[in-house]
Amino acid sequence: MGKIYTVTSCIVEINRLKRIREAATLAHAADDLVKANKEIDEWMSIAAELKGKYPVLFEALTSQISQDENPEEEIKRLNCAYENGEPNAKQLIREVSDLCLEGFRETMKRVAVTYDSWDWESDFVWSTQVNDVLAKLKSSPFVNSEKGVFAFDAEKVVQTLDLKGKLGLSENNEVPPLTLGRADGTTLYITRDIAYTLWKFKHAKKVINVIGMEQSLAQLQLKIALYAMGCSEYAENLVHFAYNLVTLPGYKMSSRRGHYITFDDVLTEAVQRAYEEVTKRSPLLSEEEKRKIADFVGLGAVRYALVDVDPSKPVMFTWERVLNFETNSAPYVQYTHARACSILRKAEREPETPAFELLTEKLERELIMNLAGFPDMFIEATEYYKPNMIADYANVLADKFNTFYNALPVIKADSQELSDARIALTRAIQIVMHNALNLIGVVAPEKM
RNA sequence: GGGCUCGUAGCCUAGCACGGAUUAAGGUGUCAGCCUUCGGAGCUGAAGAUCGAGGGUUCAAAUCCCUCCGGGCCCGCCA
């Protein structure tokens with residue numbers, strides 16, 4: 018599906034640019050001509066690349082698309098039909114979308130990500146919800162029309178309602194206007210998203226939109242639109258959790274240009290790498306066990322890598338970075354957890370009333386303080402949308418436990434009482450580490 | 001052009017919202033140790049940073065304010 022998308026968009030883009038070039042030539046617009054030629058060159062080289070990679074697909078799509086003299090017009094027409102709810106268009110688009118979503122779900126299932134509910138954006142178009150939003154905005158003093166299209170004057174809202182401070186905008190930050198719909202009557206994404214957001218607030222007090230950083234402006238305009246519609250309480254409870262995009266060394270990821278690495282590839286590669294590692298470290302394990310361990314180590318490493326860094330930081334993708342099990346702490350923390358489990362297994366007892374006062378070593382105190390801080394850390398992580406704090410916490414706890422493990426004997430402690438107390442401490446650490454890992458979706462294994 | 005965002009040892013990252021116990025923390029890499037103890041995907045130690053640059057506020061700044069530099073993003077009848 019991704020390949021079809023990439024090739025199609027490439028062919029259509031070249032067609033479009035060629036038409037622009039023709040127009041520029043006729044109009045003797047030198048600047049436009051140079052620009053168009055430059056872009057055509059770029060896309061032609063992408064086309065050559067794609068043709069080499071997928072020759073059969075490329076040929077098939079080229080001949081199909083060339084049957085249309087103006088493929089873009091056809092796309093427009095289809096979109097129009099879809100929004101108008103014409104059965105054929107609906108059936109076609111939903112069928113293709115379903116295929117995409119199916120693949121999406123399949124991939125996410127590999128990392129145990131599930132979704133409570135799914136919504137079709139187009140449902141908001143077919144119902145009255147998007148139109149309601151448009152009507153409400155049009156009746157406000159913040160919308161003006163130009164040549165039949167309506168534009169939302171976000172800056173005017175900010176001025177009128179004095180929102181600069183509230184939104185954390187600097188004095189010289191003028192919010193650009195937002196176009197609300199196309200001339201042909203079809204809807205635009207942000208307008209649909211306003212309707213969708215209002216709907217979300219019917220089901221929740223707080224809405225966190227997890228959307229890439231490049232949509233910061235659009236999300237800001239969405240929030241301002243809520244204020245303009247008199248939903249200031251919603252606006253204040255709407256959070257845009259922005260994350261930075263991953264770039265590839267040399268160029269940015271772009272599915273339209275075929276420059277991307279799929280999540281499936283990353284997962285497969287990670288599990289493969291983990292398998293090699295397990296085989297090297299524990300050659301005596303059965304094939305089945307090795308596969309099992311490779312699975313949770315590889316997937317754990319990927320999940321840890323995703324949650325480990327502040328999402329606002331720019332990240333450069335390299336296989337080395339994602340698959341380096343030395344740098345990535347997931348296998349380390351998992352290993353530490355398995356170690357704690359191993360001690361508990363060997364201890365063969367669960368002391369009922371351990372004498373905690375015997376835990377007087379500095380290391381033991383530190384561990385106890387760390388454990389005690391777990392709830393507060395979790396609250397802070399959720400309060401400020403910082404999942405990386407949980408990953409960090411698990412890592413620090415593992416560090417401290419490993420130091421403790423190395424310095425102080427648990428089972429072979431000087432006295433039975435001290436041993437009991439340390440077993441209880443180990444158990445507590447194991448439970449908290451297990452919980453911390455679970456919170457970030459990483460398996461806490463008993464053996465590995 | 002305007003706006004937003006990131007900039008911490010060779011590399012990767014934490015700390016910045018709430019300025020002070022920070023002699024700036026961890027990982028990786030480099031170097032030196034631990035292979036007689038509960039799992040070595042481990043532990044101990046060393047070297048490595050004028051916290052992008054410059055001003056300002058303050059008794060005190062990685063943290064707050066201003067200016068500048070560098071990377072990324074946005075300013076569409078795309079999403």
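Under our numbering, the first residue of the first sequence is numbered 18, with each subsequent residue one higher. Every residue gets a Cβ at the ideal spot worked out from N, C-alpha and C, and that includes glycine. Nothing here was measured: the structure is a model prediction, and the numbers come from that model.
Judged by pairs of C-beta atoms under 8 Å, the stretch 186–196 does not touch the stretch 118–135, as fewer than three such pairs exist. For residue 372, the CB contacts under 6 Å within the same chain, skipping 5 residues up- and downstream, are 434 and 438 in chain order. In this structure residue 289 does not touch residue 462 by the C-beta definition: roughly 19 Å separates them, more than the 8 Å allowed. In the structure shown, residue 434 falls within a helical segment according to DSSP collapsed to helix, strand and coil.
Comparing C-alpha distances from residue 346 to each of 385, 429 and 405 shows the shortest one belongs to 405. Contact between the stretch 215–227 and the stretch 248–260 is present: three or more C-beta pairs spanning the two stretches fall below 8 Å.
Annotation for residue 148: the continuous alpha helix (DSSP H) segment containing it runs 146–155.
Here residue 340 has 286, 287, 290 and 318 as same chain residues with Cβ atoms under 8 Å from its own Cβ, once five neighbours each way along the sequence are excluded. Sequence-distant partners of residue 198 (beyond 5 residues in either direction) whose C-beta falls short of 8 Å from its own C-beta, in its chain, are 151, 166, 167, 204, 205 and 208.
By the Cβ-count criterion, residue 171 is buried, with 16 or more other Cβ atoms from all chains shown falling within 10 Å of its own Cβ.
As a beta-bridge residue in DSSP terms, residue 198 pairs with 204. DSSP places residue 168 in the uninterrupted beta strand (DSSP E) bounded by 166–169. For residue 402, the three-state secondary structure derived from DSSP is coil. With respect to residue 264, residue 270 sits close: the two C-beta atoms are nearer than 8 Å. Looking at the DSSP output, residue 255 bridges to 224. Cβ-Cβ distances below 6 Å link residue 456 to 407 in the same chain, with the five nearest sequence neighbours on each side left out; the list follows chain order. Residue state for residue 120 is assigned as helix, using DSSP reduced to three classes. Across the structure, residue 109 and residue 260 are spaced so that their CA atoms are roughly 33 Å apart. When only Cα atoms are considered, residue 363 and residue 378 end up about 23 Å apart. Annotated as distal: residue 67 and residue 21, with beta-carbon spacing of 8 Å or more.
The stretch 270–328 is shown to contain whole alpha helix (DSSP H) runs of 4 or more residues at 280–298 and 304–325, in chain order. Each residue's CA atom was taken as its position, placing residue 414 and residue 355 some 14 Å apart.
Non-local beta-carbon contacts of residue 248 in its own chain, meaning distances under 8 Å to residues more than five positions away in sequence, involve 215 and 218 in chain order. The way I'd put it, the stretch 44–64 doesn't touch the stretch 316–330; fewer than three beta-carbon pairs between them come closer than 8 Å. Comparing C-alpha distances from residue 252 to each of 357, 230 and 212 shows the shortest one belongs to 212.
Looking at the backbone, the Cα of residue 230 and that of residue 240 are separated by about 15 Å.
For residue 51, there are no CB contacts under 6 Å within the same chain when 5 residues up- and downstream are skipped.
Per DSSP, residue 463 lies in no beta strand (DSSP E) and is assigned neither H nor E.
In the same chain as residue 34, and ignoring 5 residues on each side of it, the C-beta atoms closer than 7 Å to its own belong to 53, 56, 57 and 60, in chain order. Within a 10 Å sphere around the beta-carbon of residue 30 sit 16 or more other beta-carbons, which makes this residue buried. Rounded to whole angstroms, the gap between the alpha carbons of residue 179 and residue 400 is 26 Å. Looking from the CA of residue 244, the closest CA among 306, 174 and 79 belongs to 174.
In this structure the stretch 445–452 lies against the stretch 381–396, because at least three pairs of beta carbons, one per stretch, are closer than 8 Å. Classified as buried, residue 325 has 16 or more neighbouring CB atoms from the shown chains inside 10 Å of its CB.
Nearest Cα to residue 328 within the set 307, 403, 161 and 302: 403.
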